[in-house]
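One gets my numbering by counting positions in the sequence shown from 1 and adding 30 to each.
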Amino acid sequence: MGTAQSRTRHPTRWHIQEAQNEVVEKKYDPNDDTMTFVEGEDEMDFLCHGYTSLRARMSCGHTVTPMSLTDWCLNQLKEGATSFICGNCAAKWSYKEVRKMALLTQEEAKYYEDKLFSNKVKGNPNFKLCPGCKCRVEREDTNNLCVTCPKCTASKNKAYRFCWQCLKEWKGPVPVSDHCENEDCCNQKICVLRNCPVVNFKDVQGVNDCPSIRACPSCGELLEHSGIKCKFLVCKKCKAKFCFVCLKLFPECQNYFELCLCGIAPRQTSIPEWDGKIANNAKVEE
Numbered sequence: 031m032g033t034a035q036s037r038t039r040h041p042t043r044w045h046i047q048e049a050q051n052e053v054v055e056k057k058y059d060p061n062d063d064t065m066t067f068v069e070g071e072d073e074m075d076f077l078c079h080g081y082t083s084l085r086a087r088m089s090c091g092h093t094v095t096p097m098s099l100t101d102w103c104l105n106q107l108k109e110g111a112t113s114f115i116c117g118n119c120a121a122k123w124s125y126k127e128v129r130k131m132a133l134l135t136q137e138e139a140k141y142y143e144d145k146l147f148s149n150k151v152k153g154n155p156n157f158k159l160c161p162g163c164k165c166r167v168e169r170e171d172t173n174n175l176c177v178t179c180p181k182c183t184a185s186k187n188k189a190y191r192f193c194w195q196c197l198k199e200w201k202g203p204v205p206v207s208d209h210c211e212n213e214d215c216c217n218q219k220i221c222v223l224r225n226c227p228v229v230n231f232k233d234v235q236g237v238n239d240c241p242s243i244r245a246c247p248s249c250g251e252l253l254e255h256s257g258i259k260c261k262f263l264v265c266k267k268c269k270a271k272f273c274f275v276c277l278k279l280f281p282e283c284q285n286y287f288e289l290c291l292c293g294i295a296p297r298q299t300s301i302p303e304w305d306g307k308i309a310n311n312a313k314v315e316e
């Protein structure tokens, strides 16, 4: 088996300038007095490429070369990361530090920044595609369905607004939290909550005609109760434990088999917005 330096490796997209060119290794300038160079191993070279550049110390104390840091952070981006951490101690690195220490080229930096943004918005309910320009737009006010697209506004020289719910150009007054004035604009979850059948709790005395479907008071996920056993449910999405009858979180309500002091909560007419975090009272499975 050859040495680490002679092993065959699979370069990333930036390690190849042209199909027939040799891999060009990025190396630190030994005269760069803004970096701390040290002797020792390249602690981010997890694939054992054996990079020959000087080793530099990151803010967390671990050592890198430009190439190993580029590779390690690229791997994190491919796995969906929205920030960078050390592969040894999990300390968080700023993008500014990574860009400097990895000697990112303009092409690399653009890819990193685009990927960080796309990872951030992927699956994030506060980002959607603008129906006008198809760019991702963030919704800042979760209680207002009317959203302004900066790109379309700039290109049209007038405010371009669209509905967060039906994803059509905005019609009607603002702000609005339930629906705009486009004909087919409606919140499907609200319709379900409004029209779901009622259920009688067999094991909880006095609980009759309770809506059989509720929106989790923590994240808005729709959950259904069969009316059998206790009145508490644990949301699969945010792990919140709450009373299906009065909609209070545990332990604000904690009597499992008796009617709540405040009675049965009416049908919900709004959906809570989830902040993406696990509920504070999340049930820990033993």
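Note that the Cβ used here is the ideal one computed from N, Cα and C, for glycine as well.
For Val222, the enclosing alpha helix (DSSP H) starts and ends at Gln218 to Asn225. Put simply, of Ile243, Glu127 and Arg191 the residue whose alpha carbon is nearest the alpha carbon of Gly162 is Arg191. By the criterion of at least three beta-carbon pairs nearer than 8 angstroms, the segment 59-71 is not in contact with the segment 135-147. According to the DSSP assignment, Arg87 belongs to the beta strand (DSSP E) that extends over Arg85 to Arg87. Distance between Gln195 and Gln218, taken at the CA atoms: about 10 angstroms. An exposed status is given to Gln235, since fewer than 16 other beta-carbon atoms sit within 10 Å of its beta-carbon.
For Lys271, the enclosing beta strand (DSSP E) stretches over residues Lys271 to Cys273.
When the Cα atoms are used, Asp305 and Val151 turn out to be separated by approximately 13 angstroms. In the three-state DSSP reduction, Gln136 falls in the helix class (H, G or I). DSSP places Thr178 in the uninterrupted beta strand (DSSP E) bounded by Cys176 to Thr178. Nearest in C-alpha terms to Leu289, of all of Leu279, Cys273, Pro302 and Phe280, is Cys273. In this structure the segment 175-182 lies against the segment 204-220, because at least three pairs of beta carbons, one per stretch, are closer than 8 angstroms. Distances from the alpha-carbon of Phe262 to those of Asn154, Lys108, Asn285 and Thr183 put Asn285 closest. Sequence-distant partners of Arg224 (beyond 5 residues in either direction) whose C-beta falls short of 7 angstroms from its own C-beta, in its chain, are Arg297. Nearest to Leu146 by alpha-carbon distance, out of Cys103, Val222, Lys198 and Arg244, is Cys103. In the three-state reduction of the DSSP assignment, Glu254 falls in the strand class.
In the structure shown, Arg129 adopts helical secondary structure according to DSSP, grouped into three states.
In the assembly as shown, Thr95 is a buried residue. Its beta-carbon has 16 or more other beta-carbons within 10 Å. By the neighbour-count criterion, in which 16 or more other beta carbons inside 10 Å mark a residue as buried, Lys269 falls on the buried side. Taking C-beta atoms as the reference points, Gly91 and Asn149 fail to come closer than 8 angstroms. Around the beta carbon of Asp171, fewer than 16 other beta carbons lie within 10 angstroms, which makes this residue exposed. Within its own chain, the residues whose Cβ lies closer than 6 angstroms to the Cβ of Asp239, once the five positions on either side in sequence are excluded, are Val228, listed in chain order.
Nearest neighbour of Ser256 by Cα position, chosen from Cys193, Cys116 and Ser242, turns out to be Ser242.
Cβ neighbours of Pro247 within its own chain (closer than 8 angstroms, five residues either side excluded): Ala270, Phe272, Leu277, Lys278, Leu279 and Pro302. Shown here for Gly250: same chain residues with a beta carbon closer than 8 angstroms to its own, the five before and five after excluded, namely Lys219, Ile301, Pro302, Glu303 and Trp304 in chain order. Under DSSP, the beta-bridge partners assigned to Arg244 are Leu253. In the displayed model, Trp200 falls within coil according to three-state DSSP, outside both helix and strand. According to the DSSP assignment, Cys193 belongs to the beta strand (DSSP E) that extends over Arg191 to Cys193.
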